[in-house]
Amino acid sequence: MKYREFGKTGIQVSALGFGAMRLPVVAVDPQDPKSEKVVDEKEAVAIIRRAIRKGVNYVDTAYGYHGGHSERIVGLALQDGWREKTYLATKFPCWQWKKSGDFGRILNTQLKRLQTDHVDFYMFHAVGAQSWNDVILKQGLLEKMLKARKAGKIRHIGFSFHDSLEVFKSIVDYTDIWDFCQIQINYLDTEHQAGLAGLRYAHAKGLAVIAMEPLKGGTLANLPQEAAKVFEGTARSPVEWGLDFLWNMPEVSMLLSGMGTRQMVDDNVQYAGRSKPGMLAPADTAIIAQARQAMQGVDSIPCTACEYCLPCPFGVAIPYNFRAFNNLSKGRTKAECKTQYDTWVTMFGKRADACVGCRACEPRCPQLIVISERMKEVAATFKRIRAKKIEA
Ligand code: SF4
Ligand code: SF4
């Protein structure tokens, strides 16, 4: 494993952090793959410990991941001496603040779930202009953070971010409370949200910067044909190109990857072990630029499969519908995508045509997708495909 300076904290973190938002899941009823999915706890604990054993020293979770079970399972994984080997990060869900006392109540719940007396890195989760102004500033949550730090419940303060570069800069500049921030960045999202400019801005101000969504929710691992062709015959796999793009930059303090299998851990640790700033030659960055060009406009719905929008009160499997739709522009045949829409999507919930447009999901989407509108588009597209009687 390689380690990097984490801003001005004096801490060295592994180049690869473990994101506990995509832990392995199993169907409650093994005979019925459509039955409810729950985290495979034993396997999740084994995967987290495997990563730590291989040198990962940072585990990231959040109040809402896996319906609250991620924190509990991370807490389990860090028993028996593993906590002492790990920097633990979790996040305060700003959207859950309803009344005075909620900050302390939620933090105490998190400490209990995590079976620890302190969190090393505590973030405001998925901050944007609205949560920054209406919740964090208006309700005095910066002061609450400072109090929690004074009480020894948290060590370092940061925020994860989903909004424009302008908003990002204003939050970075507002206060010197920040030790770190977490932004969405990958070779497709260089000018999206905080982007490369935000990365450099925060780094110049002394903040550690964590790169999240390094593979854009799996999009950069399963490339459309044109982009995959660019990487054919090169020394790296599409995943390696995606990760190395980030590790190449000295401003990236750590890359966070949601790992759900032992193989993913093994592969990512191997890649992290040979990572270093400046690792890409000019010819390599030119290859990435070509792949980016080939990807332009490919994902017509910019869903990263983070699942923050779930559960939909009407059971719509939101990200799975978007995945089936996006595959239409990734070189897959209409028949393949129709099969995916009709069968694979329904293993996780309902198809887009079950959306009633209530918009309950929309404030939770960090990509600001107007889900109710895009669901209409998905449903109409597959209805047209079906009407043309394209057989699977
Ligand atoms: S808008 Fe559609 S997808 Fe979103 S919560 Fe309502 S029914 Fe579900
Ligand atoms: S629609 Fe938005 S919130 Fe839902 S999975 Fe996609 S990116 Fe995440």
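Mapped onto the working numbering, the consecutive letters of the sequence shown carry residue numbers 663 to 1054.
Don't be surprised by glycine CBs; every beta carbon is placed ideally from N, CA and C.
Values in this document were obtained by computation on a predicted structure and should not be read as measured data.
Through-space distance from residue j to residue i, alpha-carbon basis
i       : j       : result
ASP722  : GLN741  : 16 Å
ALA856  : ALA1016 : 34 Å
ARG985  : LYS670  : 39 Å
LEU858  : THR852  : 5 Å
THR748  : LEU877  : 24 Å
ALA689  : GLU1039 : 30 Å
VAL701  : TYR727  : 11 Å
ILE819  : GLN1002 : 42 Å
CYS1020 : PHE987  : 21 Å
PRO695  : MET1009 : 7 Å
ASP1055 : ALA708  : This structure does not reach residue 1055, given that the chain is present from 663 up to 1054, and the question cannot be answered.
ALA1054 : GLY1011 : Bear in mind that a pLDDT of 39 at ALA1054, under 50, signals an unreliable position, so the number given afterwards is only what the model happens to contain. Each residue's alpha carbon lies about 21 Å from the other.
TRP903  : GLU894  : 12 Å
ALA870  : GLY790  : 19 Å
LEU918  : GLY679  : 5 Å
PHE754  : SER732  : 14 Å
ARG954  : ALA889  : 7 Å
ASP841  : LYS1050 : 56 Å
ASP779  : LEU773  : 6 Å
GLY743  : THR923  : 22 Å
MET926  : ALA706  : 12 Å
CYS843  : VAL687  : 29 Å
VAL901  : GLY879  : 12 Å
ASP764  : PRO981  : 30 Å
ASP952  : GLY730  : Note that residue 952 is Gln in the sequence shown here, rather than Asp. Cα to Cα, GLN952 sits roughly 40 Å from GLY730.
ALA810  : GLN674  : 23 Å
GLN958  : GLN801  : 41 Å
PHE783  : ILE845  : 15 Å
GLY766  : LEU885  : 43 Å
Chain-order list of residues whose beta-carbon lies under 6 Å from that of residue i (same chain, five-residue window excluded)
i      : result
PHE907 : TYR849, ILE950
LEU990 : CYS999
SER937 : LYS664, ALA677, TRP909
GLN777 : GLY737
ALA948 : none
ARG734 : ARG775
VAL781 : LEU750, THR752, ILE816
MET807 : ILE819
VAL829 : ALA791
PRO939 : PRO912
Three-way DSSP call (helix, strand, coil) for residue i in this model
i       : result
THR1043 : helix
GLU902  : helix
TYR836  : helix
SER697  : coil
GLY895  : coil
ALA689  : strand
ASP1015 : helix
GLN792  : helix
PHE668  : coil
ALA1054 : Its pLDDT being 39, under 50, ALA1054 is placed unreliably by the model, and the measurement read from it follows with that caveat. In the structure shown, ALA1054 sits in coil (DSSP, three-state: anything other than H, G, I, E or B).
SER1034 : helix
MET1009 : helix
PHE907  : helix
VAL781  : strand
VAL978  : strand
LEU769  : helix
GLN887  : helix
GLN674  : strand
VAL797  : helix
VAL718  : coil
Own chain, CB closer than 7 Å to residue i, minus 5 neighbours either side, in chain order
i       : result
GLY1059 : Lying outside 663 to 1054, the shown extent of the chain, residue 1059 is not represented and no answer is given.
TYR863  : LYS831, VAL834
LEU1057 : Lying before the first or after the last residue shown, residue 1057 is absent from the chain, which here runs from 663 to 1054.
VAL1032 : GLU1024
LEU804  : ILE798, THR837, ILE839
HIS865  : VAL871, GLU913
GLY935  : MET663, LYS664
Cutoff 8 Å; reference residue i; Cβ partners in own chain excluding five residues on either side
i      : result
ASN983 : TYR1003, VAL1007, ARG1013, ALA1014, MET1037, VAL1040
SER697 : ALA689, VAL690, ASP691
SER793 : CYS756, TRP757, PHE786
Contact test: residue i Cβ vs ligand 4 heavy atom, cutoff 8 Å
i      : result
PRO876 : This structure lacks ligand 4; its bound ligands are ligand 1 and ligand 2.
Contiguous alpha helix (DSSP H) assignments of at least 4 residues, all confined to the stretch 981 to 1005 | 996 to 1001
Length at least 3, wholly inside the stretch 728 to 765: the beta strand (DSSP E) runs in chain order | 749 to 754
May I ask you to verify whether the stretch 998 to 1006 touches the stretch 953 to 968, counting CB pairs closer than 8 Å and requiring at least 3?
-> no
Tell me the start and end of each unbroken beta strand (DSSP E) in the stretch 804 to 831 that is at least 3 residues and wholly inside, in chain order.
-> 816 to 823
Looking at C-beta atoms only, is the number of pairs between the stretch 1023 to 1034 and the stretch 966 to 977 that lie closer than 8 Å three or more?
-> yes
Let me know the beta strand (DSSP E) ranges lying completely inside the stretch 835 to 881, each 3 residues or longer, listed in chain order.
-> 842 to 846, 870 to 874
Report the residue ranges of all beta strand (DSSP E) runs contained in full by the stretch 915 to 948; include only those spanning at least 3 residues, in chain order.
-> 916 to 920
Contact between the stretch 916 to 934 and the stretch 706 to 724 (3+ Cβ pairs under 8 Å) = yes
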